[in-house]
Amino acid sequence: MLTSCVHCGFCLEVCPTYQLSGDENNSPRGRLRLWRKEAEGQLPPDPWTVAYTQDCVGCLACESACPANVPYGEILEQTRHAHVAAGRTQAPFKLRVAAALAARPWLFNLAMTPARLLRRWGVLPHRFLFAGQPATTQSTASYAQQLMLQHRPTGPRVALLTGCLMEAVFREINFATVRVLIENNVQVFVPRDQGCCGAMQEHLGLDGVDRLRDQNRKAFNALNVDCVVCNSSGCGLALGKSLKGECASVLEHSAIGRSDCGAISDTQNPNPVPVRDVLDFLGEQKLVQRNRPQNKARVYVDLPCHLIHGQKLAGIPNSVLDATGYQWELAPQARDCCGSGGVYNLQQPENAKEILARKSAFLNDAIGDPVILATSNHVCMMQWNSARSSGLVTRPYSVQHVIQLLDPLAKK
Ligand code: SF4
Ligand code: SF4
C-alpha cells in the first residue's frame, strides 16, 4: 500500500495540517514517505514520525484528492496501531478508559447518566456538550419498539446503529431519527446486542476492534432488513467495514498467528447488509415536508469528512434539506475538515481549534435569526459547539443534527 503513492502532491492543498504548518512532513505525501522509509529500514524508528502521525486529523480529504487511489485511511489505521503495539506511543489514560467503557454499552450508558441529566437541565460543563433533552432511562431500542407498535409503518425495513456516545450522551438524536423514519413509513429495528462501531479504538490505535466488529457482524448481518442506517458518518464508515468482514489490523492478525491480511478473506462476508447514512437513505424516500413559513432562522450545513471522503457520498441530499422547511445553504468551506477527527480535538486541541477557526469565522456575520449550524456527525457537532467557549464565535448560534430539523416533535 505504501508504494502506491506517486508523489504528485495533489493531496497537499486539501490537507488541513499541511495548510496550517506548511511542513511537508505534516502532509499526506510526507507522512507516507516517512512510513515507507521506516518500513524499508532506511529511517530508524523516530519519535518525529510518531508525532507527525498523531498530527494527522484522519479527515481522509487526501483520499478524495488522490489520483493514484492510495488507501491512506487504511494505512493510517495500521500505522497508529503499529506505533501503539511497539510501545512508541500510548493514548492518554482518560481516553483509554473512555474507549474501554464505550466497548461495554450498558456500562457506558450507566456511567454517562449524569451527563444526560446535566444536558437536560441545561448545565453544560464541557465545551463539547451542546444543549439537548436526552431521555434519562428509556433506551432507543425500547422507544423504537413502542413507536413501531403505535404507528405500524409498512415501508422499507431498516436497522439502526445507536452508537456508544450517541446513545449514552446524545440519545435525543437517536430518538429523533426513529421518529423521522417511522413518520416516513419506514420500519425501524434496533438490535439490543449491537455494540460500539470501534471507531474510537481505531483512532487511538488500540486492540479490540476486531472483537467489536465481530459483535456487530453477528448483530446486524443476521437481520432481515434492507439496510442498516447510521446517523453519525464516522460510525457509519466503521460499521460498513465491520459488516463486510474487514479485519482491523495486520498486527491483530499476526498476534493470533496470521502474518498478513490475506487472511481477511477467511472472514469476508459475501452478502453483508448494506450500511447507509440515514440522510442519504431518506433522500430516496418521499418525505413528509415541514412547513415553517414565518421562520426567519437560517441553517448553514456543514458536511462531515467521513460522509464525503470516508463514505464517498456527494453530500446531504437537497431533498432532505428542503424537507426541513428552513432556508438553508451550505456553510462556506463546507467540504473542509472542522478539526474534530474522532478524538483529535481532545488529543491535539490547539491544532483542532486552529482548523475550526478558519471555518467558523463566517458565523460571526451570518444572516439569520436564529442561526443554526447543522451537520450529521455528533463529533462534528461537539467541535462546532466548542467555537463558542473557545471565543471563535461571539454571537448566539445553535448546533443541530440535520435529522433534528426534520423531527415532527421539533419546535416550529
Ligand atoms: S487524513 Fe486529513 S489531515 Fe491526515 S494527511 Fe489526509 S488530508 Fe491531511
Ligand atoms: S495525491 Fe496520492 S499519489 Fe499524489 S502525493 Fe498525495 S497520496 Fe501520493
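FYI, the working numbering numbers position 150 of the sequence shown as 1641, with every residue one higher than the one before it.
Here a beta-carbon is modelled for each residue, glycine too, at the ideal position from N, C-alpha and C.
Should residue i be counted as a contact of ligand 1 given a C-beta to heavy atom distance under 7 Å?
i     : result
A1552 : yes
C1688 : no
C1726 : no
Q1505 : With the sequence shown as reference, residue 1505 is identified as Val, and Gln is not the correct amino acid for it. True, at least one ligand heavy atom lies under 7 Å from that Cβ.
V1548 : yes
T1540 : no
Y1509 : yes
Please state whether the Cβ-Cβ distance between residue i and residue j is less than 8 Å.
i     : j     : result
A1465 : P1887 : Absent from the structure is residue 1465, since the part of the chain shown begins at 1492 and ends at 1903.
L1567 : I1846 : no
N1868 : H1797 : yes
G1686 : Q1692 : no
H1892 : N1786 : no
C1499 : P1519 : no
A1825 : V1792 : yes
P1644 : V1669 : no
M1873 : F1619 : yes
N1876 : F1621 : yes
R1770 : I1807 : Correcting the residue type first, residue 1770 is Leu in the shown sequence and not Arg. Contact flag set, yes.
N1842 : L1773 : no
C1547 : T1508 : yes
C1726 : L1652 : yes
T1544 : H1574 : yes
R1702 : S1733 : no
S1880 : I1863 : no
G1859 : H1694 : no
A1814 : L1778 : yes
V1681 : A1713 : no
L1883 : A1848 : yes
L1523 : L1534 : no
L1608 : P1616 : no
S1724 : G1623 : no
Considering only heavy atoms of ligand 4, does any lie closer than 7 Å to the CB of residue i?
i     : result
C1828 : No copy of ligand 4 appears in this structure; the ligands present are ligand 1 and ligand 2.
Going by alpha carbons, who is nearest to residue i out of the options?
i     : options                       : result
D1717 : A1650, S1724, P1562 and G1882 : A1650
V1660 : M1603, A1542 and Q1692        : M1603
F1711 : V1679, M1691, L1697 and L1837 : V1679
V1870 : W1526, M1657 and N1782        : M1657
A1576 : Q1624, G1696, L1652 and L1900 : G1696
N1715 : N1782, A1852, P1763 and S1495 : P1763
G1564 : A1556, C1557 and G1549        : G1549
G1578 : N1560, A1556, R1611 and D1537 : D1537
G1830 : L1821, K1844, Y1817 and T1885 : K1844
P1625 : D1701, E1529, L1598 and W1612 : W1612
L1897 : L1608, G1816 and L1703        : G1816
P1562 : D1514, M1492 and P1535        : M1492
L1551 : S1495, A1901, C1688 and K1803 : K1803
C1655 : N1600, L1821 and N1517        : N1600
A1590 : G1731, W1539 and G1689        : G1689
G1646 : A1852, V1588, A1822 and Q1776 : Q1776
P1596 : E1504, A1530, A1632 and V1811 : A1632
F1853 : P1823, P1840, Y1835 and A1865 : P1823
L1812 : D1827, I1894 and G1801        : I1894
P1765 : N1809, E1820, R1648 and Q1780 : R1648
E1820 : G1731, T1866, P1840 and Y1835 : T1866
N1560 : L1638, V1719 and C1496        : C1496
Y1835 : L1586, Q1706, R1781 and A1530 : L1586
C1506 : C1553, V1541 and W1539        : C1553
L1530 : E1504, G1513, T1570 and C1557 : The identity of residue 1530 in the sequence shown is Ala, whereas the question assumes Leu. The shortest C-alpha separation from A1530 is found at T1570.
R1704 : R1767, L1640, L1730 and V1720 : L1730
What are the residues that DSSP puts in a beta bridge with residue i?
i     : result
S1460 : Beyond the ends of the chain as shown, which are 1492 and 1903, falls residue 1460; an answer cannot be given.
L1652 : C1721
L1821 : V1792
V1766 : V1719
If you measure from the CB of residue i, is any heavy atom of ligand 2 nearer than 7 Å?
i     : result
F1621 : no
G1521 : no
C1502 : yes
A1556 : yes
Y1563 : yes
C1871 : no
H1800 : no
A1559 : yes
V1671 : no
V1497 : yes
Unbroken stretches of the alpha helix (DSSP H), 4 residues or longer, contained in the region 1657-1711:
With a minimum length of 4 residues, the continuous alpha helix (DSSP H) runs that stay inside the region 1657-1711 are 1662-1674 and 1690-1695.
Ignoring anything shorter than 4 residues or poking outside the region 1603-1658, list the alpha helix (DSSP H) runs there in chain order.
DSSP assignment within the region 1603-1658 yields the following whole alpha helix (DSSP H) runs of 4 residues or more, N-terminal first: 1604-1612 and 1631-1642.
Sequence ranges, alpha helix (DSSP H) only - wholly within the region 1500-1549, length at least 4
Along the length of the region 1500-1549, whole alpha helix (DSSP H) runs at least 4 residues long occupy 1507-1512, 1519-1530 and 1538-1546, reported in chain order.
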